[in-house]
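The structure appears right after this line, and notes come after that.
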Amino acid sequence: MLRQTVATLKVSTGRRGFQEITRQVQALVSDAGVQTGLCTLHLQHTSASLLIQENADPDVRRDLERFFARLVPDGDALFIHTAEGEDDMPAHVRTALTTVNLSVPVADGRLCLGTWQGIYLWEHRHRPHTRSIVVHVLGENA
Amino acid sequence: MLRQTVATLKVSTGRRGFQEITRQVQALVSDAGVQTGLCTLHLQHTSASLLIQENADPDVRRDLERFFARLVPDGDALFIHTAEGEDDMPAHVRTALTTVNLSVPVADGRLCLGTWQGIYLWEHRHRPHTRSIVVHVLGENA
Amino acid sequence: MLRQTVATLKVSTGRRGFQEITRQVQALVSDAGVQTGLCTLHLQHTSASLLIQENADPDVRRDLERFFARLVPDGDALFIHTAEGEDDMPAHVRTALTTVNLSVPVADGRLCLGTWQGIYLWEHRHRPHTRSIVVHVLGENA
Numbered sequence: 000m001l002r003q004t005v006a007t008l009k010v011s012t013g014r015r016g017f018q019e020i021t022r023q024v025q026a027l028v029s030d031a032g033v034q035t036g037l038c039t040l041h042l043q044h045t046s047a048s049l050l051i052q053e054n055a056d057p058d059v060r061r062d063l064e065r066f067f068a069r070l071v072p073d074g075d076a077l078f079i080h081t082a083e084g085e086d087d088m089p090a091h092v093r094t095a096l097t098t099v100n101l102s103v104p105v106a107d108g109r110l111c112l113g114t115w116q117g118i119y120l121w122e123h124r125h126r127p128h129t130r131s132i133v134v135h136v137l138g139e140n141a
Numbered sequence: 000m001l002r003q004t005v006a007t008l009k010v011s012t013g014r015r016g017f018q019e020i021t022r023q024v025q026a027l028v029s030d031a032g033v034q035t036g037l038c039t040l041h042l043q044h045t046s047a048s049l050l051i052q053e054n055a056d057p058d059v060r061r062d063l064e065r066f067f068a069r070l071v072p073d074g075d076a077l078f079i080h081t082a083e084g085e086d087d088m089p090a091h092v093r094t095a096l097t098t099v100n101l102s103v104p105v106a107d108g109r110l111c112l113g114t115w116q117g118i119y120l121w122e123h124r125h126r127p128h129t130r131s132i133v134v135h136v137l138g139e140n141a
Numbered sequence: 000m001l002r003q004t005v006a007t008l009k010v011s012t013g014r015r016g017f018q019e020i021t022r023q024v025q026a027l028v029s030d031a032g033v034q035t036g037l038c039t040l041h042l043q044h045t046s047a048s049l050l051i052q053e054n055a056d057p058d059v060r061r062d063l064e065r066f067f068a069r070l071v072p073d074g075d076a077l078f079i080h081t082a083e084g085e086d087d088m089p090a091h092v093r094t095a096l097t098t099v100n101l102s103v104p105v106a107d108g109r110l111c112l113g114t115w116q117g118i119y120l121w122e123h124r125h126r127p128h129t130r131s132i133v134v135h136v137l138g139e140n141a
C-alpha cells in the first residue's frame, strides 16, 4: 500500500559553499519505512540551491564555486536589487541557474543515487543562514 | 487513501518577462481536496520556463531579466536557428539554463513554499503566447 | 488503485551531444500499464544531463551545444579538477547549469509532453559512456 510522509530538514550554513545532506535525506527515507518509492526535496529559499554533484574530489565543488563566482560576480553594476549587499542579487541569479527542487527514486530502501553523486545544499550568501528543506517521501515497504 | 488529479493551466503572456501563477496552482491543489501531498508542474514548451523566485521586491525579477539578456543576447551571431527571429534561439537557451519542471510538497492543504517564494512562468519570447502547464496533484485529504 | 514501478534505462553515448530517449521512456510508462500518473527520471551521473528541448529542428540542439561550449570552455585555466582531461570539469559545470531530474505527468497513457518537446540525455564528455537513468512510474490504469 502506497503511503507518504512530509518532514522538514533544517540546515545551518556558515558561509557561501556546499554542505552535503545525503545522509540526512536517506535517514528520512529510512524512518518512513519505504523500500520502493520517490523522495522529493523542496528548498524554501530564493538565495540558495539544491544540487546533486560529485561527492569524491572536493576540487569539483571548489571549481563550481569559482565558475559561478566568475559568471555572476558579486557587486555587478548591472544589479538594482542590492538591499542586502553585494551578494544579494548574485545569490538569486545562482539559484535561478540551478534549482530548488529534486526528485530521486528509492529502491531497496536506498535513494537511487549514482556512485559519485551526493545531495548538496549550496548556500549562495556569505553570511550564515538557517535553511529549510521540505522532504516528501512516497512509497511502500516492499 | 492516496489519489491524484491532472489538470492543465493556460497562461497568456503579453511579452518577455515573469507572470506569477502561485494562486492558480494553489487553487488546483485546493480543488483536488488534498491536505498532504505533492504537486508537480510541467510546462509544455521549449522557449519559456517555470521558476520559483522572490515574490517581494520586483527588482529581483527585473535584475534576473537583465542578467539573462546579457548572458544570452538576442541576435547573437553564434546561433544558426533564427527562423522565428532574434529571440528564438536565446529563448531555447534560457529554457535550458532554467527548467520546465517543478515539484512542491503540500502540507495542511497549502503548497510548501517559503515566505518569499512565488511560482512564475518566465516567458522568453517577445511576442505574446498562450502557454500550457500540466499540473499533477497527488495526495490525500488528511 | 495507485501503484508504482522502478526501472533502469541504459543509454550508450558515443560522444558529447544529445541523444533522444523519449520513446524508451514512453515504453516504460506503457509497460507499467499506467493511464494517469507521474513519471520521474533520475540520471545517476555528474557529467551528463537530462533536458527537455525542441525535437524538430536539429539546429536548436547544435546551437545549445555551441552556446554551452562557449560559456564553459574546455581547458579553462580556472579549473583545478582536470584529472580526466580538459572536458572533465566543464562537464560538471554544464550538469550543474542544467539538471539530472525530470518529472512529467502522464494522461491517457502518454507522457504529457508538448508537441515540440523531446526528452534528451545530454552527454557532456567527449568519450563514449554508458549512462544509467532510473525511471519511477506512479499511476493507475484509468
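Residue numbers (numbering that gives the first Met the number 0), protein chains in the order written: chain A, 0 to 141; chain B, 0 to 141; chain C, 0 to 141. The beta-carbon is built from N, C-alpha and C at its ideal position, and this holds for glycine as well.
Problem - Length of the line joining the Cα atoms of B/A31 and B/T4 - result: Residue mapping note: residue 31 of chain B aligns to position 32 of the second sequence, counting from 1. Residue mapping note: residue 4 of chain B aligns to position 5 of the second sequence, counting from 1. Put simply, the backbone Cα of B/A31 is about 7 Å away from that of B/T4.
Handout entry: C/Q3 - DSSP class collapsed to helix/strand/coil
Key = Within the third sequence, residue 3 of chain C is the residue found at index 4, counting from 1. Look at C/Q3 here: in three-state DSSP terms it is strand.
Handout entry: DSSP three-state assignment for A/Q52, whether helix, strand or coil
Key = Within the first sequence, numbered from 1, the residue matching residue 52 of chain A stands at position 53. A/Q52: strand per DSSP, three-state reduction.
Practice task
Taking A/R65 as the query, report the chain C residues whose CB atoms sit under 9 Å from its CB, ordered along the chain.
Solution key: In the first sequence, counting from the first residue as 1, residue 65 of chain A sits at position 66. Here the neighbours are L77, F78, I79.
Problem - Proximity below 8 Å, CB of A/H125 to CB of B/V59 - result: As a first step, residue 125 of chain A is located in the first sequence; it is residue number 126 there, counting from the start. As a first step, residue 59 of chain B is located in the second sequence; it is residue number 60 there, counting from the start. Their beta carbons are not under 8 Å apart, which means A/H125 does not touch B/V59 by this criterion.
Problem - Test item: CB-CB of A/V145 and A/V33 under 8 Å - result: With chain A covering only 0 through 141, there is no way to say anything about residue 145 of chain A.
Exercise for the section: In the DSSP assignment, find the unbroken alpha helix (DSSP H) run with B/F67 in it and report its ends. Expected result: Locating residue 67 of chain B in the second sequence gives position 68, counting from the first residue. Here the alpha helix (DSSP H) through B/F67 covers 57 to 70.
Handout entry: Where the beta strand (DSSP E) through B/P104 begins and ends
Key = Here residue 104 of chain B corresponds to residue number 105 of the second sequence, with the count starting at 1. Following the DSSP letters along the chain, one finds B/P104 inside the beta strand (DSSP E) bounded by residues 100 to 106.
Exercise for the section: Kindly indicate if chain C contains any beta-carbon less than 8 Å away from that of A/A106. Expected result: The sequence position of residue 106 of chain A within the first sequence is 107, counting from 1. Interface residue, yes.
Practice task
Indicate whether A/L63 and A/Q52 have their beta-carbon atoms separated by less than 8 Å.
Solution key: Looking up residue 63 of chain A in the first sequence gives position 64. Looking up residue 52 of chain A in the first sequence gives position 53. Contact annotation: A/L63 and A/Q52 have beta-carbon atoms nearer than 8 Å.
Exercise for the section: Please name the residue in C/M0, C/T12, C/L1, C/T7 whose C-alpha comes closest to that of C/L150. Expected result: With chain C represented from 0 up to 141, any question about residue 150 of chain C goes unanswered, as that position is not in the structure.
Problem - Chain-ordered neighbours of B/S102 on chain C, where CB pairs are closer than 7 Å - result: To locate residue 102 of chain B, count along the second sequence from 1; it is residue 103. In chain order: S102.
Exercise for the section: Using a Cβ cut-off of 8 Å (strictly closer), state whether B/Q43 contacts chain C. Expected result: Here the question's residue 43 of chain B lines up with position 44 in the second sequence. Contacts with chain C at 8 Å (Cβ-Cβ) include B/Q43.
Practice task
Could you confirm whether any beta carbon from chain A is found closer than 8 Å to the beta carbon of B/E83?
Solution key: On the second sequence, position 84 is the one that residue 83 of chain B refers to. Not a single CB atom of chain A sits nearer than 8 Å to the CB of B/E83.
Practice task
Output the distance between the C-alpha atoms of B/E122 and A/A141, rounded to the nearest integer angstrom.
Solution key: Against the second sequence, residue 122 of chain B aligns to sequence position 123. Against the first sequence, residue 141 of chain A aligns to sequence position 142. So the alpha carbons of these two residues sit roughly 43 Å apart.
Exercise for the section: Under 7 Å between beta-carbons, which chain C residues line up against B/L96? List them in chain order, please. Expected result: By one-based count along the second sequence, residue 96 of chain B stands at place 97. By Cβ distance, chain C contributes L96.
Problem - Inter-residue Cα distance where the pair is A/P142 and A/A26 - result: The question about residue 142 of chain A has no answer, for chain A in this structure spans 0 to 141.
Problem - Buried/exposed call for A/T114, threshold 16 Cβ in 10 Å - result: Counting from 1 along the first sequence, the entry for residue 114 of chain A is found at position 115. A/T114 is exposed by the Cβ-count criterion.
Handout entry: Segment limits, alpha helix (DSSP H) that includes B/T21
Key = Along the second sequence, one-based indexing puts residue 21 of chain B at 22. Start and end: 21 to 30.
Practice task
Would you list, in chain order, the members of the region 11 to 28 of chain C that have their beta-carbon closer than 9 Å to a beta-carbon of chain A?
Solution key: Per Cβ criterion, the list is empty.
Exercise for the section: Express the C-alpha separation of A/E83 and B/R61 in angstroms, rounding to a whole number. Expected result: Counting from one through the second sequence, the residue named residue 61 of chain B turns up at place 62. Counting from one through the first sequence, the residue named residue 83 of chain A turns up at place 84. Going from the Cα of B/R61 to the Cα of A/E83 covers about 16 Å.
Problem - Cut-off 6 Å between Cβ atoms - residues of its own chain near B/I132, not counting five sequence neighbours on either side - result: For the purposes of this step, residue 132 of chain B is taken as residue 133 along the second sequence, with counting starting at 1. Contacts found: L8, L40, L42.
Problem - For B/C38 and B/V99, believed in contact at Cβ under 8 Å, the rounded distance - result: Position 100 of the second sequence, counted from the first residue, corresponds to residue 99 of chain B. Position 39 of the second sequence, counted from the first residue, corresponds to residue 38 of chain B. In this structure B/V99 does not touch B/C38 by the C-beta definition: roughly 15 Å separates them, more than the 8 Å allowed.
Handout entry: DSSP bridge partner residues for C/C38 (one or two, in chain order)
Key = Start at 1 with the first residue of the third sequence, and residue 38 of chain C comes out as number 39. According to DSSP, residue pairing for C/C38 in a beta bridge involves C/V103, C/V136.
Practice task
Starting from B/L120, follow the alpha helix (DSSP H) in both directions and report where the run begins and ends.
Solution key: To locate residue 120 of chain B, count along the second sequence from 1; it is residue 121. For B/L120, there is no enclosing alpha helix (DSSP H); the enclosing beta strand (DSSP E) covers residues 116 to 122.
Exercise for the section: Grab the span of the alpha helix (DSSP H) containing C/T94 for me, first residue to last. Expected result: Indexing the third sequence from 1 puts residue 94 of chain C at position 95. 87 to 96 is the extent of the alpha helix (DSSP H) around C/T94.
Handout entry: Minimum C-alpha distance to A/T45 - residue among A/G108, A/G117, A/L96, A/G138
Key = In the first sequence, counting from the first residue as 1, residue 45 of chain A sits at position 46. Among A/G108, A/G117, A/L96, A/G138, the Cα nearest to that of A/T45 is on A/L96.
Handout entry: Chain-ordered neighbours of B/V59 on chain A, where CB pairs are closer than 8 Å
Key = For this step, residue 59 of chain B is matched to residue 60 along the second sequence. Under the 8 Å cutoff, chain A gives T45, H80, M88, H91.
Handout entry: Beta-carbon proximity list for A/M0, same chain, < 8 Å, skipping 5 on both sides
Key = Position 1 of the first sequence, counting from 1, holds the residue named residue 0 of chain A. Answer for A/M0: E139, listed in chain order.
Exercise for the section: Grab me the residues of A/H80's own chain with a C-beta within less than 6 Å of its C-beta, minus the 5 sequence neighbours each way, in chain order. Expected result: Locating residue 80 of chain A in the first sequence gives position 81, where the first residue counts as 1. The answer, listed in chain order, is M88.
Practice task
State buried or exposed for B/R15, treating a residue as buried only when at least 16 other CB atoms are found within 10 Å of its CB.
Solution key: For the purposes of this step, residue 15 of chain B is identified with residue 16 of the second sequence, where counting begins at 1. Looking at its Cβ environment, which holds 16 or more other Cβ atoms inside 10 Å, B/R15 is buried.
Problem - Rounded straight-line distance, which links the Cα of C/V24 to that of C/T35 - result: Here residue 35 of chain C refers to the residue found at position 36 of the third sequence. Here residue 24 of chain C refers to the residue found at position 25 of the third sequence. Computed Cα separation, rounded: 15 Å.
Problem - Helix, strand or coil at C/Q43 [DSSP, three-state] - result: What you label residue 43 of chain C is simply residue 44 of the third sequence in a count that begins at 1. Residue state, collapsed to three classes: coil.
Exercise for the section: Could you please tell me which residues of the region 121 to 138 of chain B, in chain order, have their CB closer than 8 Å to any CB of chain C? Expected result: Per Cβ criterion, the list reads S131, V133, V134, H135, L137.
Handout entry: Beta carbon proximity, C/T4 to chain B, threshold 8 Å
Key = Taking the third sequence and counting its residues from 1, the one referred to as residue 4 of chain C is at position 5. Taking Cβ atoms only, chain B never reaches closer than 8 Å to C/T4, which makes this a no.
Problem - Short CB-CB distance (under 8 Å) between B/T39 and chain C - result: As a working mapping, residue 39 of chain B is identified with position 40 in the second sequence. Taking CB atoms only, B/T39 has a neighbour in chain C less than 8 Å away.
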